[in-house]
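These notes are about the structure you will find just below.
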RNA sequence: GUGGCCAUAGCACAAUGGUUAGUGCACAGGUCUGUGGCACCUGUGAUAUGGGUUCAAUUCCCAUUGGCCACCCCA
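Given below as structure tokens:
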């Protein structure tokens with residue numbers, strides 16, 4: 014097939030280039046290693062802590078989220094992808110994972126499994142929000158839910174799991190912890206807060222006056238300096254916890270102390286979703302010292318945005334129609350995790366790198382090479398090739414770019430002799446070996462390399478056979 | 001949802017109200033007819049879209065689309 018035939022310019026390009034929908038993102042092969050890295054670690058950790066993977070649908074009945082996340086939350090009020098399906102039912106793309114997991118727990122009668130039921134998920138979610146770095150309209154979250162147990166040790170263990178996930182990936186993070194108490198004590202606290210702020214309303218920023226009406230707890234983490242001053246002396250939720258919540262929280266902290274997981278008591282931590290009760294926590298990235306404001310002004314230190322968050326939701330199962338069942342969960346954002354990994358130039362191990370490259374020359378050799386590729390692949394080698402290329406040179410270039418250890422060269426001469434060339438790409442030394450013995454010869458050489466690699470500590474991450482969402 | 005900054009090849013960046021819009025990397029081919037990394041040469045490839053001002057717009061104006069930043073909120 015003559016390769017001279019340049020692709021003819023076919024139809025005229027459409028005037029309007031079709032581009033990504035706002036807030037959407039393509040993940041290209043180069044970035045895939047980060048996703049693999051995270052997924053591998055998640056799968057490992059989930060297994061170690063006894064979580065089973067659950068896959069829930071992208072689409073659910075709208076009511077599920079209205080009832081769980083809360084109808085007055087921003088997420089439900091203005092960020093959901095909601096539409097009518099062809100049957101006229103109102104459906105929504107899932108904006109988060111917990112609601113679906115709880116729905117599944119109830120629907121599949123998981124109450125009759127050994128409690129607590131520990132479930133783990135990973136997948137895309139959707140929120141129609143204004144995009145920013147690390148914030149997409151389709152974004153990926155992983156989550157761990159423990160349903161059916163109220164003991165504080167569970168809270169501590171889940172925080173430990175979350176913390177260890179990041180620590181294991183060499184990401185410096187801090188664990189922020191708080192308790193927002195039972196719904197009753199929260200209502201009580203709310204009253205106290207409103208009371209406190211009422212008299213000081215004039216010193217508040219405009220947003221905060223809104224918050225006073227809508228979501229008083231948010232007053233506490235306003236960034237306006239004047240508001241922060243007021244927040245200093247505002248009543249603390251800790252002081253308004255009911256006895257049970259308080260006792261629970263103290264025990265959670267004791268457990269955390271015991272396992273020596275560092276945490277920050279953050280009395281201003283409130284979570285936005287309605288279903289939270291009691292313990293709440295977030296994982297924050299530590300400020301990145303590596304990114305200092307450059308003289309050129311090209312600073313890219315993203316604002317404090319949580320890598321993930323979670324908490325107890327002891328009333329949610331009941332809210333969604335199940336038996337009263339305590340539960341707790343954590344959810345983390347994958348894109349944000351990747352941003353941190355990249356910013357901190359954290360090594361995630363080498364990506365896929367082929368060990369062998371098959372170069373061929375001539376029609377007969379090409380046929381033989383095609384077969385050889387298959388044999389070597391089935392023998393377990395990572396093999397690369399460029400069979401469509403004619404010249405040896407471009408093939409060697411590619412072998413070099415891919416960083417393969419050896420090139421196996423088969424041309425007319427080798428075809429005649431029943432041999433093949435093995436070229437060491439680093440030294441340039443090449444040897445002629447019997448074609449029949451190629452597998453053994455290659456294995457012999459690569460095993461030698463394997464030892465060297467181990468010394469360097471550069472063992473390629475084993476590509477687990479986990480599912481990619 | 002609010003406010004601001006921005007948009008030139010695959011990527012990173014130049015330039016200009018007036019002939020063929022440059023450079024580096026990448027990609028393709030060649031110098032090298034069976035051998036990669038280096039060098040040199042050649043080539044492919046772009047002014048996001050729509051409208052307006054103007055003799056003339058990639059440049060100025062408006063809108064749309066998209067990106068980024070700060071809010072809001074959240075993963």
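In our numbering, the protein residues as written are 14 to 482. Positions of the beta carbon are idealized from the N, C-alpha and C atoms, including for glycine.
| Asked | Found |
| --- | --- |
| For residue 318, the three-state DSSP class (helix, strand or coil) | coil |
| Cβ-based burial, residue 291 [other Cβ within 10 Å; buried from 16] | buried |
| Residue 391 to residue 273 span [Cα, whole Å] | 48 Å |
| Reduced DSSP secondary structure (H/G/I, E/B, other) of residue 265 | helix |
| Anticipated Cβ contact below 8 Å, residue 52 with residue 135, distance rounded | 7 Å |
| Three-pair Cβ contact test at 8 Å for the segment 335 to 348 versus the segment 155 to 173 | yes |
| Under the three-state DSSP convention, the category residue 248 falls into | coil |
| For residue 14, three-class secondary structure by DSSP | Summary for residue 14: the model assigns pLDDT 33, below 50, so the residue's position carries little reliability; its value from the coordinates is reported in the next sentence. Correct three-state label for residue 14: coil. |
| Straight-line Cα distance separating residue 141 from residue 33 | 15 Å |
| Local Cβ density within 10 Å of residue 105, reported as buried at 16 or more and exposed below that | buried |
| Contact under 8 Å by Cβ, residue 206 with residue 229 | yes |
| Simplified DSSP assignment, three categories, for residue 137 | strand |
| Host alpha helix (DSSP H) of residue 13 (start-end) | Since the first residue of the chain shown is 14 and the last is 482, residue 13 is not available in this structure. |
| Residues near residue 431 by beta carbon distance below 6 Å, same chain, minus five either side | 448 |
| Beta-carbon proximity check, residue 157 vs residue 108, cutoff 8 Å | no |
| Test item: CB-CB of residue 265 and residue 165 under 8 Å | yes |
| Cutoff 6 Å; reference residue 112; Cβ partners in own chain excluding five residues on either side | 77, 78 and 81 |
| Buried versus exposed, by CB contacts within 10 Å (16 or more), residue 308 | Annotation note: pLDDT 32 at residue 308 (below 50); position unreliable, no value reported. |
| Inter-residue Cα distance where the pair is residue 275 and residue 68 | 32 Å |
| Status (buried if at least 16 other CB within 10 Å, exposed otherwise) for residue 336 | exposed |
| Residue ranges of each alpha helix (DSSP H) within the segment 75 to 129, 4 or longer | 75 to 81, 87 to 91 and 111 to 120 |
| Beta-carbon proximity list for residue 329, same chain, < 7 Å, skipping 5 on both sides | 81, 115, 288 and 340 |
| Neighbourhood of residue 209 by C-beta distance below 7 Å, restricted to the same chain and skipping five residues each side | 247 and 248 |
| Residues of its chain near residue 444, where Cβ-Cβ distance is below 6 Å and the 5 sequence neighbours each way are ignored | 435 |
| Contact set for residue 62: own chain, Cβ-Cβ below 6 Å, skip 5 residues either direction | 174 |
| Alpha carbon of residue 419 to alpha carbon of residue 183, nearest angstrom | 33 Å |
| Residue 197, buried or exposed, once every other Cβ within 10 Å from all chains shown has been counted against 16 | exposed |
| Contact under 8 Å by Cβ, residue 139 with residue 150 | yes |
| Status (buried if at least 16 other CB within 10 Å, exposed otherwise) for residue 346 | buried |
| Same chain only: Cβ atoms within 8 Å of residue 407, ignoring 5 sequence neighbours per side | 399 |
| Of the listed residues 250, 110 and 99, nearest to residue 200 (C-alpha basis) | 250 |
| Simplified DSSP state of residue 386, which is helix, strand or coil | helix |
| Proximal residues to residue 92 (C-beta, below 8 Å), its chain only, five neighbours per side dropped | 108, 140, 141 and 142 |
| Euclidean distance between Cα positions of residue 73 and residue 84 | 15 Å |
| Nearest residue (CA-CA) to residue 318, options 353, 131 and 286 | 353 |
| C-alpha distance - residue 87 paired with residue 280, whole-angstrom precision | 23 Å |
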